[in-house]
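Numbering (my numbering), first residue to last: 1 to 109.
Structure first, commentary second.
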């Protein structure tokens, strides 16, 4: 083989090796970029899921507080009504007792 042919073969092999190295480096970079993007996407999805869960927890907590306030107000109103009725009955009983005592204490005359 001539020196020229050997030189051309070496140059071709060197170019092929350089192309393979460049392709391998590019592939590594693409894989690393894809992995980084995947991790970023996962972190973003996780953050969004956590935010949504927290929003739902806050919403449920608020509804629970509102329901508790409503139930407490209803119970207080009912208790106030019962107390008022009891006071009224006690006043009626007092009046009856006082009238009966007055009748018994009246002197004939």
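No residue lacks a Cβ here, since even glycine has one placed at the ideal position from N, Cα and C.
For this session: Report all residues from its chain with a CB closer than 8 angstroms to the CB of residue 46; omit the five preceding and five following residues, and keep chain order.
Result: none
Problem set entry | Cα-Cα separation between residue 28 and residue 15, rounded to whole angstroms | 20 angstroms
Exercise. Taking DSSP as the reference, what is the three-state secondary structure of residue 2?
Worked result: coil
Problem set entry | Separation of residue 60 from residue 72, as counted between CA atoms | 18 angstroms
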